[in-house]
Amino acid sequence: MLTADEVLALIPQQRPFRFIDRLLALDEAKAVGEYTFRADESFYAGHFPGDPVTPGVILIETMCQTGLVALGIYLLGLEQPREEVAKTVTLFTDAAVEFERVVLPGQTVRVDAERVFWRRRKLKSNVTLSLADGTTVARGTVSGMGVRRAER
35 MLTADEVLAL
45 IPQQRPFRFI
55 DRLLALDEAK
65 AVGEYTFRAD
75 ESFYAGHFPG
85 DPVTPGVILI
95 ETMCQTGLVA
105 LGIYLLGLEQ
115 PREEVAKTVT
125 LFTDAAVEFE
135 RVVLPGQTVR
145 VDAERVFWRR
155 RKLKSNVTLS
165 LADGTTVARG
175 TVSGMGVRRA
185 ER
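Each residue of the sequence shown is one higher than the one before, counting from 35 in the working numbering.
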């Protein structure tokens, strides 16, 4: 079984495209992650100048990094040795997400993900994105699958 720190170390996304600062909970049924959107994130310069908000696609990526990538790594680690897990990358396949609020620079978000389906490296999760005060920003379902990394 992989620890939260080991799962974080295996996540292929890195700064400036990693949107998980820490994993608060991780088990066979769920993953909970947090991320603080820094004011100097590159996408704020053009979205929108003078009145920046976090793009919805970045919020979906944030939800997927906890609800698919981190949870998928953990689940695969229950079935495969760490070396095999390290050779796997999670690819996004589908999302149905509804947004209720915006996320501003400097705000911390929390992703709560619950496993719906896991079989043959395919994962589907219900995800909720909230602000630190518990206000829901977005919720929905995301899906992905683990594939072996291409040899380079």
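Cβ atoms here follow ideal geometry from the backbone N, Cα and C, with glycine treated the same way.
Computed from a predicted model, the values in this text were never measured in an experiment.
Contact check, residue i vs residue j, beta carbons under 8 Å
i: residue 125; j: residue 159; result: no
i: residue 145; j: residue 41; result: no
i: residue 127; j: residue 177; result: yes
i: residue 170; j: residue 150; result: no
i: residue 161; j: residue 101; result: yes
i: residue 36; j: residue 120; result: no
i: residue 97; j: residue 163; result: yes
i: residue 56; j: residue 68; result: yes
i: residue 99; j: residue 47; result: yes
Inter-residue CB distance, residue i and residue j (contact presumed, cutoff 8 Å)
i: residue 72; j: residue 132; result: About 26 Å separates the two Cβ atoms, so there is no contact after all.
i: residue 54; j: residue 77; result: Wrong, their Cβ atoms sit about 17 Å apart, outside the cutoff.
i: residue 109; j: residue 62; result: 7 Å
i: residue 86; j: residue 139; result: 5 Å
For residue i, the three-state DSSP class (helix, strand or coil)
i: residue 36; result: coil
Distance cut-off 7 Å: residue i Cβ against heavy atoms of the ligand ADP
i: residue 132; result: The model on display carries no ligand, and the ligand ADP is accordingly not part of it.
Residue i: first and last residue of the uninterrupted beta strand (DSSP E) it sits in
i: residue 172; result: 170–182
Task: Every unbroken beta strand (DSSP E) inside the segment 119–163 [3 residues or more] - done: 122–133 and 142–153
- [ ] Entirely within the segment 40–106 and at least 3 residues each: give me those beta strand (DSSP E) ranges in chain order.
- [x] 56–60 and 64–70
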